[in-house]
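Visitor:
Chains as they are written, first to last, in the working numbering: chain A, 8 to 263; chain B, 8 to 263; chain C, 8 to 263; chain D, 8 to 263.
Here it is in structure tokens:
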């Protein structure tokens with residue numbers, strides 16, 4: 008909830024639910040984007056590691072709407088910061104409903120995210136996303152970018168690919184700006200993008216991304232949930248494909 | 008009219024026509040939206056209960072235009088606050104020409120509406136609207152959302168439905184933000200949305216919504232006007248349907 | 008030209024070329040719009056009455072461009088204030104290249120225009136424009152709106168029509184806002200809109216509008232230029248029509 | 008990189024890498040635009056003359072993204088100022104990734120560019136661009152505009168054409184505003200636009216533009232790189248044309 012008593016909404020409002028002991032050296036961003044790959048991974052990790060809600064971020068750069076939860080309660084769209092601890096390692100997560108509605112808003116929000124990161128002692132940001140290729144991908148690579156040269160070997164060792172390099176690629180929105188504006192503040196930034204068709208929510212790509220990410224983090228995470236969702240999705244696609252083939256055969260018989 | 012003598016328009020300008028004795032615990036929002044369901048209900052209530060104009064709201068977030076009234080007088084587009092008293096109960100209404108032209112403007116205007124609400128002692132807001140379903144609805148349900156959990160039983164008792172819950176629904180614009188931003192200020196918010204096709208102005212849906220609303224308000228309101236308009240509308244649709252069927256039969260005869 | 012030495016552009020910059028003796032009780036607005044009807048009338052009047060450039064208005068709410076004049080000199084797009092005197096009557100004109108690129112900009116610019124109007128003692132604004140009807144109009148009416156009730160009889164006596172009243176009409180952009188926001192400052196506003204197809208620049212409609220306007224102003228103005236342009240335009244349309252008919256006949260012969 | 012430690016991004020952030028001895032009387036603007044003609048010329052000159060990076064310009068009016076370089080390093084999109092010296096003549100260059108995403112941003116950025124120009128003692132700006140004509144151009148003219156009358160003879164003597172004059176032309180974006188807003192500050196502005204189809208990146212048009220520009224600058228520049236790229240492009244187009252003709256002939260044979 009927003010701070011009570013305020014009479015005007017600022018560009019960005021941040022509400023902390025805890026003040027002490029919430030520092031962490033790592034921030035993982037998984038906001039909505041292509042194939043919801045980053046969001047799937049971040050939400051899965053928060054579930055698996057038992058994340059605790061640390062802060063909510065409201066902004067007039069988000070769409071002007073509320074979402075209705077399973078109880079019929081409307082709540083303002085927002086982004087959220089969660090915090091987890093695993094094997095003595097503390098990790099923050101940036102997740103939420105939407106990215107900005109405008110180009111300027113993307114910059115303003117990214118600076119707010121980095122303000123929070125600095126306040127909480129973050130030294131490295133993992134920005135997660137999808138990399139749309141326009142066709143189904145059987146074995147998705149995790150295409151990567153970094154904001155400081157010394158980070159590349161570590162990413163490659165963990166299975167991240169730099170094969171996209173040299174194609175004039177760009178990273179649009181929060182993931183890109185966290186790297187670009189983060190570098191200015193001396194915060195390391197690693198962007199991991201799971202190859203995905205761009206047409207569907209893609210848990211298979213998320214599963215691959217989780218592999219590289221957990222290797223980089225040095226933590227073990229159960230993949231079962233993402234793998235089951237990926238199998239469900241693949242089963243559904245297969246069923247549709249078979250139905251279409253059956254229909255095509257039928258039409259051929261009819262003609263013949 | 009706007010405050011005289013001003014040399015620059017603020018984001019939002021509010022002009023009060025009365026200062027004293029205009030408090031009320033209830034605000035009903037019926038701004039233009041899907042099927043104009045909320046607007047029909049609010050305008051009808053203001054007529055029936057004899058509302059008095061309390062304030063006008065101007066903003067550069069509204070479309071840059073004037074509307075021409077029946078006498079050829081142009082007046083700037085605005086939203087208005089009316090006040091009614093019925094059976095010792097005081098009610099404020101928020102109605103008007105338009106909602107914001109931009110996402111940011113929606114937030115800025117909603118905060119202004121809430122500033123007025125707080126100033127006038129409002130403790131509960133009813134946000135009225137339509138819920139577009141893409142086809143004609145014979146017996147429109149009144150789908151509902153609340154901004155505090157304790158409000159739901161009351162809404163259900165009055166005939167509001169929560170069957171939309173769990174579908175990931177959203178409420179966009181003023182209605183949504185009054186709930187979301189109102190909650191921050193401790194103002195109860197109930198959104199009532201009459202099912203409607205989304206293609207026509209829908210007095211039938213408004214009539215159903217009025218039933219639930221007047222039950223929640225605990226006041227009796229005459230429905231005649233809305234019901235007559237609904238019958239006129241249904242008669243007009245029936246006439247079109249018959250004409251189309253007659254035309255279709257004729258064409259069949261011609262072919263046959 | 009903009010004030011020299013400034014290091015940052017304000018929302019709106021106004022540059023006066025004269026300071027003294029430039030007051031006038033009347034402002035005529037003829038900015039670009041439907042059929043360029045208002046612009047044609049205002050530009051014609053400035054020519055006929057020998058207007059003098061009084062001020063230029065620059066704004067980041069105009070399109071970000073320069074226009075190239077007949078000598079190859081680029082100049083920033085702007086609006087301009089001209090001043091004329093005829094039979095002891097002083098009149099200001101607001102003309103120019105463009106209206107605002109955004110809804111908010113329309114409001115901000117209109118307030119700036121009214122600031123100038125107040126400073127120069129303007130008591131009445133004539134806002135000129137076109138009224139698009141979607142088909143060629145032989146004898147265009149001058150549809151009208153006013154911002155104060157007492158102005159209507161005068162407009163009707165001069166030949167202005169209020170037959171558009173009651174259709175829920177709106178006036179968008181500078182013309183509308185000068186009436187709406189002007190009323191707040193106690194400045195009389197009369198909007199005259201020449202019926203026009205909306206597809207072509209329409210000197211015929213402008214010629215009709217000039218008739219009503221000069222009657223309201225109580226000044227005689229030569230119409231020759233607008234009438235000649237109207238005849239040229241009608242001749243061109245007639246030539247196109249004949250060519251199309253000839254082509255249609257030819258095709259019939261070919262088929263027959 | 009942006010100034011470290013800042014917690015909020017300004018509209019425009021300028022980072023200087025050198026402070027002393029970077030003045031120059033000439034600024035050449037070659038931002039992305041039609042056919043990338045201006046960009047090709049400016050980038051070529053920086054290469055040939057050995058330009059040194061003097062400043063970077065960041066802004067929330069640029070697209071919210073990073074670009075990935077050949078090493079996989081992401082960097083925030085920006086514009087850049089380079090400085091060259093040749094035959095004792097110092098020249099500044101304004102080049103970069105993007106122009107503004109909004110009309111207002113174009114004005115704000117152009118004023119920032121002019122602030123830098125004034126600070127560095129610039130007395131003349133060459134704004135380079137393409138002039139789209141919708142078809143391939145064999146021998147592209149360099150169409151021109153100036154912001155002060157006395158500049159025209161010099162441009163004509165160097166081979167710049169003013170044949171576009173009198174067609175109501177406009178120059179949109181940074182090139183136009185540098186002339187229009189530059190004039191206000193007493194900075195001479197010359198816009199050179201190479202004719203180009205508008206469909207392809209056009210090194211042939213850039214090569215022609217370089218001829219006029221180097222004559223105006225009074226410096227010799229090697230054209231080899233641009234000419235080779237132009238020949239490669241023309242070869243590629245010729246190959247496509249031949250393939251299409253061969254295909255057309257084949258189809259004719261098949262039919263015949």
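Beta carbons are placed, not taken as given, at the ideal position from N, Cα and C, and that holds for glycine.
Using Cβ-Cβ distances below 7 angstroms, what residues of the region 90-113 of chain A are close to chain B?
Guide: Listed in sequence order: 108.
Visitor: Quick check: is the beta carbon of residue 62 of chain D nearer than 7 angstroms to any beta carbon in chain C?
Guide: Mapped onto the fourth chain, residue 62 of chain D falls at position 55. No, residue 62 of chain D does not count as interfacial toward chain C.
Visitor: Taking the alpha carbon of residue 177 of chain D as the point to measure from, which residue in C:53, C:97, C:72 and C:223 has its own alpha carbon closest?
Guide: Here residue 177 of chain D is taken as the residue at index 170 of the fourth chain, counted from 1. With distances taken between Cα atoms, residue 177 of chain D lies closest to C:72.
Visitor: Taking any Cβ of chain A, which residues in the region 200-217 of chain D have a Cβ under 7 angstroms from it, in chain order?
Guide: Residues passing the 7 angstroms Cβ filter: none.
Visitor: With a cut-off of 7 angstroms, does the C-beta of residue 19 of chain D fall near any C-beta of chain C?
Guide: Residue mapping note: residue 19 of chain D aligns to position 12 of the fourth chain, counting from 1. No, because no Cβ of chain C sits closer than 7 angstroms to the Cβ of residue 19 of chain D.
Visitor: For residue 141 of chain C, which residues in the same chain have their Cβ closer than 7 angstroms to its Cβ, ignoring the five residues on either side in sequence?
Guide: Within the third chain, residue 141 of chain C is the residue found at index 134, counting from 1. Excluding positions up to five away in sequence, the list reads 204 and 205.
Visitor: At what residues does the beta strand (DSSP E) containing residue 75 of chain B begin and finish?
Guide: Along the second chain, read from residue 1 onward, the residue named residue 75 of chain B stands at position 68. Residue 75 of chain B -> beta strand (DSSP E) spans 72-75.
Visitor: Among the candidates C:174, C:89 and C:166, whose CA atom is the shortest distance from the CA of residue 25 of chain C?
Guide: In the third chain, the residue the question calls residue 25 of chain C occupies position 18. Nearest option by C-alpha distance: C:89.
Visitor: For residue 75 of chain B, decide whether its Cβ has a neighbour in chain C, counting only Cβ atoms nearer than 7 angstroms.
Guide: The residue given as residue 75 of chain B occupies position 68 in the second chain. With 7 angstroms as the cut-off, residue 75 of chain B counts as an interface residue toward chain C.
Visitor: Just the Cα atoms here: how many angstroms apart are residue 22 of chain C and residue 64 of chain C?
Guide: In the third chain, residue 22 of chain C corresponds to position 15, counting from 1. In the third chain, residue 64 of chain C corresponds to position 57, counting from 1. Near 6 angstroms, if we compare the C-alpha coordinates of residue 64 of chain C and residue 22 of chain C.
Visitor: At a Cβ cut of 7 angstroms, what residues of the region 134-166 of chain B count as close to chain A, listed as they run along the chain?
Guide: So the list reads 151, 152, 153, 154, 156 and 159, given in the order they occur along the chain.
Visitor: Can a CB atom of chain C be found closer than 7 angstroms to the CB of residue 41 of chain D?
Guide: Locating residue 41 of chain D in the fourth chain gives position 34, counting from the first residue. No, residue 41 of chain D lies away from the interface with chain C (no Cβ there is under 7 angstroms from its Cβ).
Visitor: If the cut-off is 8 angstroms on Cβ atoms, which residues from the region 22-53 of chain A count as contacting chain B, listed in chain order?
Guide: Residues: none.
Visitor: Using a Cβ-Cβ distance under 7 angstroms, would residue 81 of chain A count as near chain D?
Guide: The count along the first chain starts at 1 and reaches residue 81 of chain A at position 74. Residue 81 of chain A does not count as touching chain D.
Visitor: Residue 184 of chain B touches chain A at which residues, Cβ-Cβ below 9 angstroms?
Guide: Translated into positions along the second chain, residue 184 of chain B becomes position 177. Residues of chain A passing the Cβ test: 71, 72, 73 and 83.
Visitor: Counting only runs that start and end within the region 96-142 of chain B, where is the alpha helix (DSSP H) found for 4 or more residues in a row?
Guide: Within the region 96-142 of chain B, the complete alpha helix (DSSP H) runs of at least 4 residues are 110-126.
Visitor: In chain A, which residues lie with their C-beta within 9 angstroms of the C-beta of residue 180 of chain B?
Guide: Numbered from its first residue, the second chain carries residue 180 of chain B at position 173. 71 and 72, listed in chain order.
Visitor: Quick one: is residue 181 of chain A buried, meaning 16 or more other Cβ sit within 10 Å of its Cβ, or exposed?
Guide: Position 174 of the first chain, counted from the first residue, corresponds to residue 181 of chain A. Buried.
Visitor: Can at least three beta-carbon pairs, one atom from the region 107-117 of chain B and one from the region 54-62 of chain B, be found at a separation below 8 angstroms?
Guide: No: the two stretches stay apart, fewer than three of their Cβ pairs being nearer than 8 angstroms.
Visitor: Pick out the complete alpha helix (DSSP H) segments inside the region 181-219 of chain A, 4 residues or longer, and give them in chain order.
Guide: Listed in chain order, the complete alpha helix (DSSP H) runs (minimum 4 residues) inside the region 181-219 of chain A are 181-191.
Visitor: Please confirm whether residue 219 of chain B and residue 136 of chain B have their CB atoms less than 7 angstroms apart.
Guide: The residue you call residue 219 of chain B lines up with position 212 of the second chain. The residue you call residue 136 of chain B lines up with position 129 of the second chain. Not in contact: residue 219 of chain B and residue 136 of chain B (Cβ atoms no closer than 7 angstroms).
Visitor: Using the beta-carbon count (16 or more within 10 Å), is residue 154 of chain B buried or exposed?
Guide: In the second chain, the residue the question calls residue 154 of chain B occupies position 147. Label assigned to residue 154 of chain B: buried.
Visitor: Looking at chain C, is there any beta carbon in it that lies within less than 7 angstroms of the beta carbon of residue 128 of chain D?
Guide: Here residue 128 of chain D corresponds to residue number 121 of the fourth chain, with the count starting at 1. It does not; no Cβ of chain C falls within 7 angstroms.
Visitor: Terminal residues of the continuous alpha helix (DSSP H) containing residue 159 of chain A?
Guide: Taking the first residue of the first chain as 1, we reach residue 159 of chain A at position 152. Segment 159-164, the alpha helix (DSSP H) holding residue 159 of chain A.
Visitor: Exposed or buried, residue 237 of chain D, counting other C-beta atoms within 10 Å across all chains shown (16 or more means buried)?
Guide: The count along the fourth chain starts at 1 and reaches residue 237 of chain D at position 230. With 16 or more Cβ atoms within 10 Å of its Cβ, residue 237 of chain D is classed as buried.
Visitor: In whole angstroms, what is the alpha-carbon distance linking residue 9 of chain B and residue 87 of chain B?
Guide: Taking the second chain and counting its residues from 1, one reaches residue 9 of chain B at position 2. Taking the second chain and counting its residues from 1, one reaches residue 87 of chain B at position 80. Confidence in residue 9 of chain B is poor, its pLDDT being 41 and thus under 50, which makes the residue's placement unreliable; the coordinate value appears in the next sentence. Using only the alpha carbons, I get a separation of about 12 angstroms.
Visitor: Give the DSSP bridge partners of residue 82 of chain B, in chain order.
Guide: As a working mapping, residue 82 of chain B is identified with position 75 in the second chain. Beta-bridge pairing links residue 82 of chain B to B:74.
Visitor: Please state whether DSSP places residue 92 of chain C in a helix, a strand or coil.
Guide: Reading the third chain from its first residue, position 85 is the one you call residue 92 of chain C. Residue 92 of chain C: strand per DSSP, three-state reduction.
Visitor: Return the Cβ separation of residue 138 of chain C and residue 240 of chain C in integer angstroms, given the expectation that the two are a contact with Cβ distance under 8 angstroms.
Guide: Start at 1 with the first residue of the third chain, and residue 138 of chain C comes out as number 131. Start at 1 with the first residue of the third chain, and residue 240 of chain C comes out as number 233. Not really, about 18 angstroms apart at Cβ, beyond 8 angstroms.
Visitor: Take residue 94 of chain A and list the residues in its own chain whose beta-carbon comes closer than 7 angstroms to its own, dropping the five residues that flank it on each side.
Guide: Here the question's residue 94 of chain A lines up with position 87 in the first chain. Cβ within range, chain order: 226.
Visitor: Compute the beta-carbon to beta-carbon distance between residue 31 of chain C and residue 99 of chain C, rounded to the nearest angstrom, for a pair I have assumed lies under 8 angstroms.
Guide: Indexing the third chain from 1 puts residue 31 of chain C at position 24. Indexing the third chain from 1 puts residue 99 of chain C at position 92. Sure, about 5 angstroms apart at Cβ, within 8 angstroms.
Visitor: What first and last residue would you give for the alpha helix (DSSP H) that runs through residue 47 of chain D?
Guide: Within the fourth chain, the letter at position 40 stands for residue 47 of chain D. Residues 44-56.
Visitor: Taking only beta-carbon atoms, is residue 67 of chain B less than 7 angstroms away from chain C?
Guide: As a position in the second chain, residue 67 of chain B is number 60, starting the count at 1. Yes, residue 67 of chain B lies at the interface with chain C (some Cβ there is under 7 angstroms from its Cβ).
Visitor: Return the chain-ordered list of same chain residues with a C-beta closer than 6 angstroms to the C-beta of residue 3 of chain D, the five sequence neighbours on each side being excluded.
Guide: Within the shown structure, residues of chain D are numbered from 8 to 263, placing residue 3 of chain D beyond reach of any answer.
Visitor: Residue range of the beta strand (DSSP E) that residue 177 of chain B falls in?
Guide: As a working note, residue 177 of chain B is residue 170 in the second chain. Residues 177-179.
Visitor: What are the boundary residues of the beta strand (DSSP E) that residue 23 of chain A is part of?
Guide: On the first chain, residue 23 of chain A is found 16 positions in, with the first residue counted as 1. Note, residue 23 of chain A: beta strand (DSSP E), 19-23.
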